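*Asks:* So the numbering used here is basically just the index in the sequence shown, starting at one, shifted up by 1.
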Amino acid sequence: MSKTKLTELLDIEHPIIMAPMFLVSDTGMIIEALKSGITAAFPALNYRTDEEFRSAIDEIRNATDKPFGVNLIVNKSNPKYPQQLITCVDKKVDFIITSLGSPREVIEKSKPVGIKVFCDVTNVQYAKKVAELGADAIIGVGAEAGGHAGNIKIKDLISQLKAEFDIPIISAGGVATKSQIDEMIEAGADGVSVGTVFIAAQECGVSDEYKQALVDYGAKDVVRTSNLSGSPLTVINTPYVQEIGTEPSFLMRMMIKHKKLRKILKMVIAVQGMNKIKKSAFSASYKTYFVAGPSIEHIYKVRPLKEIVEDLV
Ligand SMILES: Cc1cc2nc3c(=O)[nH]c(=O)nc-3n(C[C@H](O)[C@H](O)[C@H](O)COP(=O)(O)O)c2cc1C
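#1: Given 6 Å as the limit, tell me if residue 40 has its C-beta closer than that to any heavy atom belonging to ligand 1.
#2: Determine the DSSP secondary structure at residue 120, reduced to helix, strand or coil.
#3: Does ligand 1 have a heavy atom nearer than 6 Å to the CB of residue 195?
#4: Hey, how far is the Cα of residue 211 from the Cα of residue 16?
#5: For residue 150 versus residue 235, is the C-beta spacing smaller than 7 Å?
#6: Taking residue 204 as the reference, which of 79, 83, 310 has the closest Cα?
#7: Between which two residues does the alpha helix (DSSP H) harbouring residue 281 extend?
#8: Which residue marks the beginning of the beta strand (DSSP E) containing residue 139, and which one marks its end?
#9: According to the neighbour-count rule (16 or more other Cβ atoms, all chains shown, within 10 Å of its Cβ), is residue 114 buried or exposed?
#10: I need the DSSP call for residue 22, collapsed to helix, strand or coil.
#11: Can you confirm whether residue 20, when its beta carbon is compared against all beta carbons of chain D, has any partner nearer than 7 Å?
#12: Suppose you measure from the CA of residue 10 to the CA of residue 133; what does that come to, to the nearest Å?
#13: If you check the beta carbons only, do residue 306 and residue 191 fall under 7 Å apart?
#14: Leaving out five residues before and five after residue 172 in sequence, what residues of the same chain have Cβ atoms less than 6 Å from its Cβ?
#15: Are residue 107 and residue 165 closer than 7 Å when you measure CB to CB?
#16: I'd like to check one pair, residue 44 with residue 21: are the Cβ atoms closer than 7 Å?
#17: Within the present structure, is the beta-carbon of residue 136 separated from the nearest heavy atom of ligand 1 by less than 6 Å?
#18: Under the DSSP definition of a beta bridge, which residues are partnered with residue 41?
#19: Using CA coordinates, which residue listed in 244, 24, 293 is at the minimum distance from residue 175?
#20: Following the continuous alpha helix (DSSP H) through residue 146, name the residue where it begins and the one where it ends.
#21: Give me the Cα-Cα distance between residue 283 and residue 275, rounded to the nearest whole angstrom.
#22: Report yes if the C-beta of residue 180 is less than 6 Å from at least one heavy atom of ligand 1; otherwise report no.
#23: Please state if the CB of residue 41 and the CB of residue 72 are separated by a distance shorter than 7 Å.
#24: Within the present structure, is the beta-carbon of residue 284 separated from the nearest heavy atom of ligand 1 by less than 6 Å?
#25: My parser needs the beta strand (DSSP E) runs of 3 or more residues fully inside the segment 182-252; what are they?
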């Protein structure tokens, strides 16, 4: 694959980041991805304690000297953020991906020790803010992404970002094939961040049912639900999701309208949602949510991660 600003910035072979995925990205997958010539990041939130988080970083470091990153949720919904940032700085991870909040503090503390900071954005206005704060790269999260998707079509978002900024632009969302990567690079991206297709890697620790659902369902089966976290999340439209719907109940909607109740309710929904996702990822039942983006369209079997990378490049 061609050399880009991203391959130069991180000194990697291919301009691909295996995207951070809550509960999904594990050290085994990260190590395999790094050995395959791409880079990868995992959410710090995947670890309950700081000790576990630190040993995950050590495990990757002991297995390879290739660069990798950590994803930090930088808003108040993440009480572990202050310690997670201290640990990233302590351990000098290669890069941090910030999402859902201002990257100001992360940039201030990371730059002096040489950690690069990449910031998730869903529009140009927010990208301007992170660029002014000193982001090293911008990750444009498009409407096609898995997880908390944006609202602008990825190609449009990339062209808009490219027109405004000189720092590397990375596209996130909807990429599952080499030709799609080529299209993104043509649209102006310096790299791609790919999540969903890696869930179907043999090395990934989620349940076999989750992986099989990625094979069995297609793009048209992916819907956004507001029942799992504070903001809409992409899930496969299984019979269970169809049964309970993708909008909060009437009672819940009424309560959310109440100013004082809103904050508490949103937190309750988020905590309950996290527990549901956790259960779903590792032990499937009828009441299961499978978080994934429309790029499941291109998943036709579960296979070694190395093979997925070979196809992408
Ligand atoms: C199962 C799943 C979990 C995700 N968890 C996170 C997360 O914890 N933090 C984050 O910033 N993005 C998260 N994302 C978004 C990815 O980092 C990335 O932006 C997205 O997967 C790219 O779109 P794609 O799935 O079409 O490749 C998640 C995506 C998926 C599919």
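Using N, Cα and C, we set each Cβ at its ideal position, and we do this for glycine too.
Everything numeric in this text was worked out from a predicted model, so none of it was measured.
*Replies:* In brief:
#1: Exclusion of residue 40 from the 6 Å shell around ligand 1 follows from its C-beta lying no nearer than that to any non-hydrogen atom of the ligand.
#2: Three-state result, residue 120: strand.
#3: Checking the Cβ of residue 195 against ligand 1 gives yes.
#4: Between residue 211 and residue 16, the C-alpha separation is close to 28 Å.
#5: The answer is yes: Cβ separation under 7 Å.
#6: The residue with the shortest Cα to Cα distance from residue 204 is 310.
#7: Note, residue 281: alpha helix (DSSP H), 260-283.
#8: Per DSSP, residue 139 belongs to the beta strand (DSSP E) from 138-142.
#9: Burial call: exposed.
#10: Coil at residue 22, not helix or strand.
#11: Here there is only one protein chain, and chain D is not present.
#12: Residue 10 and residue 133: Cα-Cα distance of roughly 19 Å.
#13: Here residue 306 is not near residue 191, since their CB atoms are 7 Å or more apart.
#14: These residues qualify, in order along the chain: 141, 155, 159, 185, 190, 193.
#15: No, the Cβ-Cβ distance between residue 107 and residue 165 is not below 7 Å.
#16: Cβ atoms of residue 21 and residue 44: closer than 7 Å.
#17: Ligand 1 has no heavy atom closer than 6 Å to the beta-carbon of residue 136.
#18: 19, per the DSSP bridge assignment.
#19: For residue 175, the closest alpha carbon among the candidates 244, 24, 293 is that of 293.
#20: Segment: none, residue 146 is in no alpha helix (DSSP H) and carries neither H nor E.
#21: Going from the Cα of residue 283 to the Cα of residue 275 covers about 13 Å.
#22: Outside the cutoff, so no.
#23: No, the Cβ-Cβ distance between residue 72 and residue 41 is not below 7 Å.
#24: False, no ligand heavy atom lies under 6 Å from that Cβ.
#25: Listed in chain order, they are 192-195, 223-226, 234-237.
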